[in-house]
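Student: Below is the structure I would like to discuss, written out as structure tokens.
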Amino acid sequence: RKEVEQDPGPFNVPEGATVAFNCTYSNSASQSFFWYRQDCRKEPKLLMSVYSSGNEDGRFTAQLNRASQYISLLIRDSKLSDSATYLCVVNPINSGNTPLVFGKGTRLSVIA
Amino acid sequence: NAGVTQTPKFQVLKTGQSMTLQCAQDMNHNSMYWYRQDPGMGLRLIYYSASEGTTDKGEVPNGYNVSRLNKREFSLRLESAAPSQTSVYFCAISFAYQETQYFGPGTRLLVL
Chain A
64 RKEVEQDPGP FNVPEGATVA FNCTYSNSAS QSFFWYRQDC RKEPKLLMSV
114 YSSGNEDGRF TAQLNRASQY ISLLIRDSKL SDSATYLCVV NPINSGNTPL
164 VFGKGTRLSV IA
Chain B
23 NAGVTQTPKF QVLKTGQSMT LQCAQDMNHN SMYWYRQDPG MGLRLIYYSA
73 SEGTTDKGEV PNGYNVSRLN KREFSLRLES AAPSQTSVYF CAISFAYQET
123 QYFGPGTRLL VL
């Protein structure tokens, strides 16, 4: 099982829709989780951290399910500007010298 | 406050040529990283420096060398470029090892 797995998509959704992505991780000892956003031909940027209790930032909600070892990102009322690739990131803690493990990303395209 | 800067932005090399990619940060962070990103492969860690004075190999170090010149600067050197090193290179920083990372704008390298 890969350390971090994401559905590559693309997810094509209309403006105003709600869309959710999941990401699974293999190292049960992982302690920190993040979602990054990467626009085409740009650098990844931190979108939000994922806390055990879940967290919300405007239209974005991130949740962690430790029992099933996955994190999720929910985007409500999608905007055209949400079109990007969303990277799931995990801190493996005990996985040798790997600082953070990045998923390959899920591509979202919001259509007018 | 520029955050993380990378030079050059673009570079074309011929096979066998050498070059150094520069990364500098003004955020007083301790850890610095070099990644490459290729289509379908996601971000892959080349080398990292957990703190000033230390460097360690990441997932794909072959063909590269690094220097942590001081706390601010972390350079990546290609001694003899190969077409397989055509990629987008990102430098990233974090306050401490395994914490949230912040990325520079990237260097696009083409090796002919």
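In order, the protein sequences belong to chains A and B.
Using my numbering, you'd call the opening residue of the first sequence number 64 and step up by one each time.
Using my numbering, you'd call the opening residue of the second sequence number 23 and step up by one each time.
Note that the Cβ used here is the ideal one computed from N, Cα and C, for glycine as well.
1. Could you tell me the distance, in whole angstroms, from the CA atom of threonine 27 (chain B) to the CA atom of proline 77 (chain A)?
2. Would you kindly work out how many angstroms separate the C-alpha atoms of leucine 134 (chain B) and serine 112 (chain A), rounded to a whole number?
3. Helix, strand or coil for glutamine 107 (chain B) per DSSP?
4. Between which two residues does the beta strand (DSSP E) holding phenylalanine 96 (chain A) run?
5. Let me confirm a value: glutamine 169 (chain A) is counted as buried when at least 16 other C-beta atoms fall within 10 Å, else exposed. Which label applies?
6. Return the first residue and the last residue of the beta strand (DSSP E) that proline 107 (chain A) is part of.
7. To which residues does DSSP link alanine 114 (chain B) through a beta bridge?
8. Thinking C-beta only, is leucine 131 (chain B) closer than 9 Å to threonine 42 (chain B)?
9. Using a C-beta cutoff of 9 Å, does asparagine 154 (chain A) count as contacting chain B?
10. Could you tell me the distance, in whole angstroms, from the CA atom of serine 144 (chain A) to the CA atom of valine 82 (chain B)?
11. How far does the beta strand (DSSP E) with glutamate 82 (chain B) in it extend, from its first residue to its last?
12. Residues in the same chain with beta-carbon distance under 6 Å from glycine 117 (chain A), minus the five sequence neighbours each way, listed in chain order, please.
13. Closer than 6 Å by C-beta to threonine 124 (chain A): which residues in its own chain qualify, once you throw out the five before and the five after it? Chain order, please.
14. Closer than 6 Å by C-beta to proline 105 (chain B): which residues in its own chain qualify, once you throw out the five before and the five after it? Chain order, please.
15. Is the separation between the beta-carbon of leucine 110 (chain A) and that of phenylalanine 96 (chain A) shorter than 9 Å?
16. Tell me the DSSP secondary structure of serine 89 (chain B) in three-state form.
17. Rounded to a whole number of angstroms, what is the C-alpha to C-alpha distance between lysine 105 (chain A) and proline 127 (chain B)?
Tutor: On the basis of the data shown:
1. 36 Å
2. 40 Å
3. helix
4. 95-101
5. Reading off the sequence shown, one finds threonine at residue 169 (chain A), where the question assumed glutamine. Counting Cβ neighbours within 10 Å, threonine 169 (chain A) comes out buried, since at least 16 surround it.
6. 107-113
7. B:Tyr55 and B:Phe125
8. no
9. yes
10. 33 Å
11. First, the residue type needs correcting, since residue 82 (chain B) is valine and not glutamate in the sequence shown. Taken as a continuous stretch (DSSP letters only), valine 82 (chain B) belongs to no beta strand (DSSP E), as it is neither H nor E.
12. Gln126
13. Leu137
14. Val133
15. no
16. strand
17. 6 Å
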